[in-house]
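Notes follow the structure.
In UniProt numbering, the protein residues as written are 1 to 112.
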């Protein structure tokens, strides 16, 4: 079972603070990859990230006001639809009761 998580932040009109140096260093995940003593000023601050997802967590549409600069909030469809994960066929077979004895997948090779 593989699980891939993706998170990103979209900032409109973002300007990094003076002296900020982008880095892939993340001292919250692995203390050996980042030396806190090399980080100074604004580079030493870690911005908290709130993950949104299921009903047990924060809802991104309820954590801030939706009235933006005196204009109504308009919900937009995603620009990119969710991908079709490789286990879709497995889930469909399981729902049909066919996934208990063994599952065989047909993989088509692309023409070259």
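Backbone N, C-alpha and C define an ideal beta-carbon position, used for all residues, glycine too.
Nearest-angstrom beta carbon gap, residue j and residue i [assumed within contact, 8 Å]
i, j, result
"residue 20", "residue 43", "6 Å"
Neighbourhood of residue i by C-beta, 8 Å cutoff - its chain only, sequence neighbours within 5 removed
i, result
"residue 17", "42"
"residue 77", "none"
"residue 1", "Only weak support exists for where residue 1 lies, its pLDDT of 49 falling under 50; the coordinates are left without a value."
"residue 86", "none"
Min CB distance residue i to chain C below 8 Å
i, result
"residue 77", "Absent from the structure: chain C. Only one protein chain is present."
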